[in-house]
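Presented below is the structure to which this report refers.
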Amino acid sequence: MLKTFKLGGIHPEENKISKNSPIEEIEAPETAYILMNQNLGAPSVPVVSKGDKVKIGQLIAKGEAFISAFVHSPVSGTVAAVDTHVDATGYKRTAIIINKEGDEWVDGVDLSDKLNSKITASKEEILEIIKDSGIVGLGGATFPAHVKLMVPKDKKAEYLIVNGVECEPYLTSDYRLMLEKADEIVVGVRLLMKALDVPKAIIAIENNKPDAIEHMKNKTVSYPEILIEALKVKYPQGAEKQLIYSLLKREVPSGKLPIEVGCVVQNIGTTFAVYEAVQKNKPLIERIVTVTGKKVKKPSNFKVRIGTPVSTLIEKVGGIPEGSGKVISGGPMMGKSLADLNTPVVKGTSGIVIFDEKESKRNVTYNCIRCARCTDVCPMGLQPYLLSNAVENNAWDIAEKNKVMDCIECGSCHYTCPSNRPLVDNLRIGKAKVGEIIRNRKN
Amino acid sequence: MMNLLTVSGSPHIHGNQNVKKIMWQVVLALMPAMLVSFWYFGLSAILLTVISVTGAVVVEYLIAKFLLKTTPTVGDGSAVITGLLLAFNVPSSLPWWEMLIGVTFAIGVAKMAYGGLGKNPFNPAIAGRIFMLVSFPVDMTTWPKPGLPFNTLNFSVDGLTGPTSLGILKERVGENISSISAQLPDYMTMFIGEKGGSLGEVSAAAIILGGLFLLFRRIISWHIPISFLLSAFVFAGILYLVDDTQYINPMFHLLAGGLMLGAFFMATDMVTSPMSKTGQIVFGVGCGLLTILIRVWGAYPEGVSFAILIMNAFTPLINKMFKPKSFGR
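Listed below in structure tokens is the structure:
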């Protein structure tokens, strides 16, 4: 019996169309748009201004708040503007716009492909480099990595969990990374273990990627402290709390972080970024992005500079197919549909999925028939139908009492609802409103 | 191009279930019982079923269009289910206009007056049946015997009526069970369905077949039917063990009357049954206990409808008391 989480879950069609496409590096964009809200928490603050010359890897924005992150230039050239640019939500946000000139890196970056597995940095140095390199969770949630690694004094980290689950349909960037950069990932894991001072690490992979599981097992034979765990294919297996439960049968208490049960979770991509930062002195300026869709000519996995417009990636796979209706940044379960393809790749962009018109439309909504499927599939044990009704009736007290804040927005409820009710939409509204009420109460 | 892109919240993919599919699968699951009723009760059964189903659809359509002024959704199949179930709950000798009044009440009052599908607190078919039971008590409790298929192809059922198994039991309450037993059909007959009773409830076998289909297709879960049947069986079994001269074998209770139909098709109505699995078990047990309670000590020979209706009333309370276990709390 493969391990899995206990409550709810669904199994959408996997559609990993791009799984056999090796990672392909694409050139830096002529103009890079670097958004300042690439991480969860406070936006970064620009430290360059119009006309400044920058090199690749140079610090261009600082995370000044506790939960924030540094940002580095993905190209060399001149800062054309510190202005606004459209982000994945369709809003304009502060962005640094850089025109590319040449290909000049900051000093000290090791650009060779040679594996550097010798760990010389101390625990403190590793933590500092991770912070200085602007590494955030690359799974999509973009929580700053260094903040996760700062274990409060009264807590103890027992396990590092490396999330290679990639349970979103279509996405294959983590999968390709595991196949192609396993040695580097293992070094990254060891670095994170040292930074956290934990005796054990578990790399979790869904069982629909047997070759990745096998490959990672081979690469870790000489590291008995690193365990590879195959998990049952069930969405949302890659959600932090569900993942911890699947592996260790520990329940992160409501409203708390994984460290409460002795765990720190980092994504596979993040682990690779940690390797590059610590061992190669390379800040986070690029990432792997899956660009795919059923009608897409050449479904691909790209190594892309942050700041590259999504439209550029789409050109690389043969353009928008005839009859397309929706472009999603991220996976189809939790990603955002883009209103504007000029939006750039950010640190959290795991994939671009293109749907045809038929797939894009939402089905007609019916009355709730109280079939309880939404409660059956909710991995948090919530009652989405009830919360959704509460939100529609502005009954914020009922929404709060029924734990709307616990919702992880995985979308399983809407996916399974035979009446097609926009449950997640409503729950998001509920979370925003109830969150505001709770904050006001505290003040 | 850019302006044509759909922008909507996640998730962007949807599972393959929808209300229509679910409802029409329930209709499909009701087919074996329907065909059995046609076989045993002939043309009158066909006529009543057609009137009930058509009546349900037409009444719902008219109310939605002209009273509620919404787009009618009769195509979703839920009105067809109510029509079928209500026809299943009447004797084949029922006058057609009584059927029509019954189905008008079921759809018009018990369903549409609350706002239509999903909003009704009581199962419309059961509400309709009980309305008919109190409105036309004699016609609703006179059951033609199931004839052999081809000699009942007529509307005259005079001389063929007889009490149902539960009716026999109720009429002769106080007598020693063994003296009654001779008049009761044997279990195999009851299972196959050649016994007196309402149209769709005579054949346990046909209903179980449909029920298994629903379970297999995951339209319903086992929680309500199993807890319903099991609690009825256990409760009746305890009575039987206490005094087998007064109380009949629990097997009889399982196969008689509308217990199977109620357990698989009426109590499992999504709209009117609890949401959590624990709640569903509580609901099922309540139905089972009340059914036996009413059958044994109540004024009516049959208790399934009343039991489900009463438990429907408790559904909101059960929903409040038995919530799913939440993660991390």
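The listed protein sequences correspond, in order, to chains D and Z. Counting from 11, one number per residue, gives the positions in the first sequence under the numbering used here. Counting from 1019, one number per residue, gives the positions in the second sequence under the numbering used here. By construction, the Cβ of each residue, glycine as well, lies at the ideal position given by its N, Cα and C atoms. For clarity, every value in this text was computed on a predicted model and none was experimentally measured.
Annotated as proximal: glycine 358/D and glycine 150/D, with beta-carbon spacing under 8 Å.
Residue nearest to tyrosine 425/D within the set Val231/D, Thr385/D, Asp407/D, Glu402/D is Thr385/D (criterion: CA-CA distance). Inter-segment contact for the segment 28 to 44 of chain D and the segment 309 to 322 of chain D is present: three or more beta-carbon pairs are separated by less than 8 Å. Between tyrosine 255/D and arginine 1347/Z, the alpha-carbon positions lie close to 14 Å from each other. When Cβ-Cβ separations below 8 Å define contact, threonine 1286/Z makes no contact with chain D. Here the alpha carbon of methionine 1130/Z sits roughly 9 Å from the alpha carbon of leucine 1086/Z. Annotated three-state conformation of histidine 1032/Z is coil, per DSSP. Not flagged as an interface residue toward chain Z: proline 394/D, since no C-beta distance is shorter than 8 Å. Secondary structure of glutamate 325/D (DSSP, three-state): helix. The contact set of leucine 17/D on chain Z, defined by CB atoms closer than 9 Å, consists of Pro1342, Lys1343, Ser1344, Phe1345 in chain order. The shortest CA-to-CA distance from serine 360/D to any of Gly87/D, Ile298/D, Ile324/D, Ser59/D is the one to Ile298/D. Rounded to whole angstroms, arginine 451/D and isoleucine 1299/Z show a C-alpha spacing of 39 Å.
Collapsing the DSSP output to three states places threonine 1296/Z in a helix.
Secondary structure in the segment 78 to 150 of chain D: the alpha helix (DSSP H) runs of 4 residues or longer, each lying completely within the stretch, are 133 to 142 in chain order. Taken in chain order, the members of the segment 334 to 362 of chain D whose beta-carbon sits within less than 9 Å of a beta-carbon on chain Z are Ser334, Gly335, Lys336, Val337, Ile338, Gly340, Gly341, Pro342, Met343, Met344, Gly345, Lys346, Ser347, Leu348, Ala349, Asp350, Leu351, Asn352.
Considered as a whole, the segment 375 to 452 of chain D harbours 383 to 387, 394 to 402, 406 to 411, 422 to 426, 433 to 452 as its complete alpha helix (DSSP H) runs of no fewer than 4 residues, in chain order. Per the Cβ contact rule, the segment 1235 to 1245 of chain Z is not in contact with the segment 1257 to 1273 of chain Z (fewer than 3 Cβ pairs under 8 Å). Cβ proximity to chain D below 9 Å picks out Gly1133, Gly1134, Leu1135, Gly1136, Lys1137 from the segment 1110 to 1140 of chain Z. Between asparagine 453/D and lysine 133/D, the alpha-carbon positions lie close to 37 Å from each other.
Considering only Thr88/D, Ile171/D, Lys326/D, the residue with the shortest C-alpha distance to glutamate 239/D is Ile171/D. Secondary-structure assignment with DSSP links proline 154/D through a beta bridge to Val146/D. Counting every other CB atom within 10 Å of its CB across the protein chains shown gives valine 1156/Z a total below 16, marking it as exposed. Aspartate 366/D is bridged by DSSP to Ser334/D. DSSP places asparagine 217/D outside any alpha helix (DSSP H), giving it a letter other than H or E.
Here glycine 144/D has Ala79, Phe80, Val81, His82, Pro293, Leu294 as same chain residues with Cβ atoms under 7 Å from its own Cβ, once five neighbours each way along the sequence are excluded. Residue-level contact check: threonine 1091/Z touches chain D, since one or more beta carbons of chain D fall below 8 Å from its beta carbon.
Annotation: asparagine 404/D has no Cβ neighbours in chain Z at a cutoff of 9 Å; minimum Cβ distance is about 19 Å. Between leucine 1217/Z and serine 1055/Z the beta-carbon gap is near 4 Å, inside 8 Å, which marks them as a contact. Boundaries of the beta strand (DSSP E) around threonine 300/D: 296 to 302.
Per DSSP, reduced to three states, the secondary structure at proline 1109/Z is coil, with no helix or strand assignment. Classified as exposed, methionine 1206/Z has fewer than 16 neighbouring CB atoms from the shown chains inside 10 Å of its CB. Close to phenylalanine 365/D, with beta-carbon spacing below 7 Å, are these residues of chain Z in chain order: His1030.
The C-beta of asparagine 291/D comes no closer than 8 Å to any C-beta of chain Z. For phenylalanine 1340/Z, same chain residues with a beta-carbon under 8 Å away, outside a window of 5 residues either side, are Pro1292, Ser1294, Thr1296, Gly1297, Val1300 in chain order.
For glutamate 235/D, same chain residues with a beta-carbon under 8 Å away, outside a window of 5 residues either side, are Met203, Pro209, Lys210, Ala211 in chain order. The Cβ atoms of phenylalanine 1251/Z and leucine 1272/Z lie closer than 8 Å to each other.
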